[in-house]
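Numbering (the working numbering), first residue to last: 494 to 640.
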């Protein structure tokens, strides 16, 4: 299941990351950022930072980081689709689901992955069987990488 990309951006634009995170974490303003105790690990000093202007969070203790969708996914233990749906419902945004075919980006990505897999297979076969690759095979065998 997929959403129209514009819907995801509408949800992101109409939802305050600070307001969402404050439902789970007590935050206080510290300059341009908001700071609190990280909800993803136990700590005594606030290393969890939320930057409202970029819509991102980062914990400098455990390195947890992401955007509003990532936060909801991690804190609620849900997938991306569910996090978008939850935040859309909170913002009273009706999502448009795409049906049928894949997006052009996904089709392009699949073609690129397929082309790379073919290239890997081609080079692997040349390494194993080509007389010109004997020096490479000897080099790998001398280093214990012969398979």
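Positions of the beta carbon are idealized from the N, C-alpha and C atoms, including for glycine.
According to DSSP, what are the bridge partners of residue i?
i	result
residue 549	544 and 560
residue 522	527
residue 495	591
With burial defined as no fewer than 16 other Cβ atoms inside 10 Å of the residue's Cβ, what is the status of residue i: buried or exposed?
i	result
residue 578	buried
residue 550	buried
residue 514	buried
residue 566	buried
residue 539	buried
residue 458	No information on residue 458 is available, as it lies outside the stretch 494 to 640 that the chain covers here.
residue 543	buried
residue 476	The chain is shown only over 494 to 640; residue 476 falls outside these bounds and no answer can be derived.
May I ask you to report which of helix, strand or coil DSSP gives residue i?
i	result
residue 528	strand
residue 507	helix
residue 638	coil
residue 512	helix
residue 632	helix
residue 502	helix
Compare the beta carbon distance of residue i and residue j with 7 Å and say whether it is the shorter of the two.
i	j	result
residue 536	residue 511	no
residue 580	residue 504	yes
residue 620	residue 626	yes
residue 557	residue 533	yes
residue 523	residue 591	no
residue 500	residue 605	no
residue 576	residue 553	no
residue 475	residue 509	The requested residue 475 is not part of the displayed model; the chain covers only 494 to 640.
residue 517	residue 568	yes
| In chain order, which continuous runs of the alpha helix (DSSP H) of length 4 or greater are located wholly inside the region 554-623? | Correct list: 561-569, 573-583 and 597-622.
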